[in-house]
Amino acid sequence: MTEVSASPVDVVSQQDVPPRRMSAKKRFLNALWQDKKAMVGVVVLTVFVLAAIFAPLITPYDPNDMEYDFMAAPSLAHPLGTDDLGRDLLSRIIQGAQISIFVGVSTVVLSLIAGLTLGILAGYFGGWLDNVIMRYIDLQWAFPNILIAVYLVAVFGTGLANIIAALALAYIDDFARVARGMVLSIKEEQYVAAARTVGVSDFRIMWRHILPNAAAPIIVQATVSVSYAILGEATLSFLGLGVEADTPTWGLMLSEGRSFISRAWWIGVFPGLAIMLVVLSINFVGDALRDFLDVRETQDKA
Amino acid sequence: MSSGPLLQVDNLQMHFPVTAGMVFRRQVGAVRAVDGVDFHIEKGETFGLVGESGCGKTTIGRCILKLEEPTGGSIRFDGDEVAHLPSTEVKAYRRRVQAVFQDPYSSLNPRMTVEEIVGEPFLVHKACARDEIPGRVRDLLSLCGLPGRVQDRYPHEMSGGQRQRVGIARALALRPDFLVCDEAVSALDVSIQAQIIRLLEDLREELGLTYLFIAHDLSVVRHICHRVAVMYLGKIVEIGESESLFADPKHPYTQALLEAVPVPDPAVEKDRQFEPIKGEVPSPMNPPGGCAFHPRCPKAMPSCSDLTPAMETVGPDRRAACPHTGPTQAAA
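Here it is in structure tokens:
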């Protein structure tokens, strides 16, 4: 570090600048590579997402064909067996990945946008706005999320769009709470005062100064919520409030398999395993993301 | 530009309401963080504001920076009243009045690079074209003694002194006239403090800046400030020219504060005798009657708990709020 020319003010401060590290993307991939759990999560998720995307191409049988032996145990012809109506379980699980993952992700995206907006506005502006928003959130919080979703679907009817909307609305309170809590602590930081002193607008303070610093717990909440949304969709299907009856979804399959658990365990177990694998993988990746996003922690490890 | 002082503060009050009740909120009291403060700052000078934690010095800074709306009194900047500016005029005011904050660790957004931090004022005020910002930032950084290489660093990749330089660079971006330095060196190591103080002094001379220097470290204030005000519980108790105030403090509180400063010589310090100030700072929600300092004052008389002392001239360019400071004091 000798190429630096001396400034008139002082030289000391110029000598201990550490060399620049890798780019953020590179560091993230590096961190991911070293975190075995996260790697497993990424691999499993990739497999499921690809399966969902290419479902029509890779299902070995038509998911709704009922022409095979019913309740056949797993075999070479039917790796995961067949269900009570003689449909191939592997094909149905692959087809079901589409619905489950789509519902999980889109629910969380909607819920995240709405919940963050409410939580950040409430926390940042405080006062009556905070009161109005948070009393509503409290009200919603008093009911179990799934009950709200069940109620909404019962009122507005089943169907993919309604299920996503109902689940998204049901999970808003989680995001709003987490976001508001983060905003309340971050808005007292000196860099927010400094930004106001410089003349940064409220919107830009929320967007550039508060949101990025609140990201870590919100991302964790989002990953947890994707799993909850997948489970939520499964629950609605299980209760008969899901997508149409002939659409294979994991929750529906799980609920059907329940009746046959002693005679044909595979009907319920494999959809359940699929749900578990996806939820677990999302959580692994979420943990890795949280660790990476914690700047101070990353610095210590470096 | 008017010919008066750059900043004139008159009877400034900042009372924070204390409320009780969940549903029907009612005000049960007020924290008198700042309770009738007057001072002025001439262009080009460094004005010190000292006092214990909680005496209201930071609140005064926040009022001047328009981070709080004062509940009373006036703040005139360059002749214009700014205590209650309409939001359309705040932005123009902010170009002229900037701040250096205390904690170099929390005053920089950990998720922004140095270039984003120092460049933000240009962006927000559209002070220059977007593609000119990196060059402007580089100039500011070198003005503050930082190499251009730090431009794409994050705050956590730098030392405390370097971060404080970044904070100063950000404050100078809009070419302000007036800088509020709120405990700007308190969180730094002593050796780094000296560097930052030197930098601030160099910048003041070079750019013709005026400082309000808020601090609790008296030796720093003595070194850097031309004039000083000593605060106690939301009020100024003594104000005057720095060198003479430190050499000959009039108010008992100032005297006690100065006595509490350790002498940097162990031999002297060991034998030095001084009375530490007794007790705690009383609650600003319920300040003692009369002179707020009387419960802790070594010179308190019965009358001190009844009469609120007014600021009086007690010497050349020196005012203090204590009846014991007059020329007749020696006899008492």
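Going down the list, the protein sequences come from chains A and B. Using our numbering, you'd call the opening residue of the first sequence number 1189 and step up by one each time. Using our numbering, you'd call the opening residue of the second sequence number 329 and step up by one each time. For each residue, glycine too, the CB sits at the ideal point set by N, CA and C. Keep in mind it's a predicted model, so treat the numbers as computed, not measured.
| Item | Value |
| --- | --- |
| Determine whether the beta carbon atoms of Thr1247 (chain A) and Asp1257 (chain A) lie at a separation below 8 Å. | no |
| Is Met559 (chain B) buried or exposed, if buried means 16 or more other CB atoms sit within 10 Å of its CB? | buried |
| For Arg458 (chain B), go through chain A and note every residue whose CB falls closer than 8 Å to its CB, in chain order. | None at all; the shortest Cβ gap to chain A is about 15 Å. |
| Sorted by chain position, which residues of the same chain lie with C-beta nearer than 7 Å to Pro1267 (chain A)'s C-beta, five sequence neighbours on each side aside? | Leu1278 |
| Who does Pro577 (chain B) pair with in a DSSP beta bridge? | In the DSSP output, where bridge partners are listed per residue, Pro577 (chain B) has none listed. |
| By how many angstroms is the C-alpha of Ala1402 (chain A) removed from the C-alpha of Ser1510 (chain A)? | Lying outside 1189 to 1490, the shown extent of chain A, residue 1510 (chain A) is not represented and no answer is given. |
| At 9 Å on the CB atoms, spell out the chain B contacts of Pro1405 (chain A), in chain order. | The premise fails here: Pro1405 (chain A) is roughly 14 Å from chain B at the closest Cβ pair, so nothing lies under 9 Å. |
| Roughly how many angstroms separate the alpha carbons of Ala1382 (chain A) and Phe1344 (chain A), rounded to a whole number? | 48 Å |
| Measuring only between beta-carbons, confirm whether Leu393 (chain B) sits less than 8 Å from chain A. | yes |
| Does Asn1319 (chain A) pass the burial test, meaning 16 or more other C-beta atoms within 10 Å, or should it be called exposed? | exposed |
| Pair every Cβ in the region 396–407 of chain B with every Cβ in the region 570–585 of chain B, then say whether three or more of these pairs are closer than 8 Å. | no |
| Which chain A residues sit within Cβ distance under 7 Å of Asp431 (chain B)? | Gln1378 |
| Threshold first: 4 residues or longer. Then list the alpha helix (DSSP H) segments lying entirely within the region 1317–1403 of chain A, N to C. | 1333–1344, 1348–1374 and 1378–1386 |
| Hey, Trp1438 (chain A) and Gly1284 (chain A) are a contact pair by Cβ (cut 8 Å); roughly how many whole angstroms apart? | 5 Å |
| According to DSSP, is Lys598 (chain B) helix, strand or coil? | helix |
| Write down the C-beta distance between Ala1367 (chain A) and Leu1481 (chain A) rounded to the nearest angstrom, noting that I regard them as a contact closer than 8 Å. | Actually they do not touch by this definition, with Cβ atoms about 15 Å apart. |
| Using the DSSP secondary-structure output, state which residues sit across from Ile403 (chain B) in a beta bridge. | B:Val337 |
| Have a look at Ile392 (chain B) and Phe506 (chain B) and give me their C-alpha separation to the nearest angstrom. | 10 Å |
| Nearest by alpha-carbon distance to Val1473 (chain A): which of A:Ser1263, A:Gly1314 and A:Met1227 is it? | A:Met1227 |
| Is it buried or exposed, Ser1288 (chain A), if we count other Cβ atoms within 10 angstroms and call 16 or more buried? | buried |
| Do you know offhand how far Phe344 (chain B)'s Cα is from Gly1430 (chain A)'s? | 54 Å |
| Counting contacts by CB-CB distance shorter than 8 Å, is His1266 (chain A) in contact with chain B? | no |
| Does any residue of chain A bring its CB to less than 8 Å from the CB of Val452 (chain B)? | yes |
| Counting only C-beta atoms, is Val1388 (chain A) closer than 8 Å to chain D at any point? | Looking at the structure shown, chain D is missing, and the protein chains on hand are A and B. |
| First and last residue of the beta strand (DSSP E) that includes Arg646 (chain B)? | Arg646 to Ala648 |
| Which residues does DSSP list as the beta-bridge partners of Glu569 (chain B)? | B:Arg555 |
| Please confirm whether Phe1472 (chain A) has its beta-carbon closer than 8 Å to some beta-carbon of chain B. | no |
| So Asn437 (chain B) contacts chain A; which residues on that side make the cut at Cβ distance below 9 Å? | Glu1377, Tyr1379, Val1380, Ala1382, Ala1383, Arg1396, His1397, Pro1400 and Asn1401 |
| Looking at C-alpha atoms only, which residue of B:Pro623, B:Val365 and B:Leu474 is the closest neighbour of Lys606 (chain B)? | B:Pro623 |
| Per DSSP, what are the beta-bridge partners of Val362 (chain B) in this structure? | B:Met342 |
| Excluding sequence positions up to five away, which residues of its chain have a Cβ less than 7 Å from the Cβ of Ala1337 (chain A)? | Ala1354, Leu1355, Ala1358, Gly1420 and Leu1424 |
| Just checking: is the beta-carbon of Glu1485 (chain A) within a distance shorter than 8 Å of some beta-carbon in chain B? | With a pLDDT of 45 at Glu1485 (chain A), under the threshold of 50, the modelled position of that residue is not reliable, and the figure given next carries that caveat. So, not an interface residue. |
| Which residues in the same chain as Glu524 (chain B) place their Cβ atom closer than 8 Å to its Cβ, once the five residues preceding and following it in sequence are excluded? | Checking the displayed sequence, the identity of residue 524 (chain B) turns out to be Ile instead of Glu. So the list reads Gly489, Gln492, Arg493, Ile496, Ala512, Val513 and Leu516, once near-sequence residues are dropped. |
| Run through chain A and tell me which residues come within less than 7 Å of Arg422 (chain B), C-beta to C-beta. | Thr1385, Val1386 and Gly1387 |
| Under three-state DSSP, which class holds Val508 (chain B)? | strand |
| Count the other CB atoms within 10 Å of the CB of Arg458 (chain B); is the residue buried (16 or more) or exposed (fewer)? | exposed |
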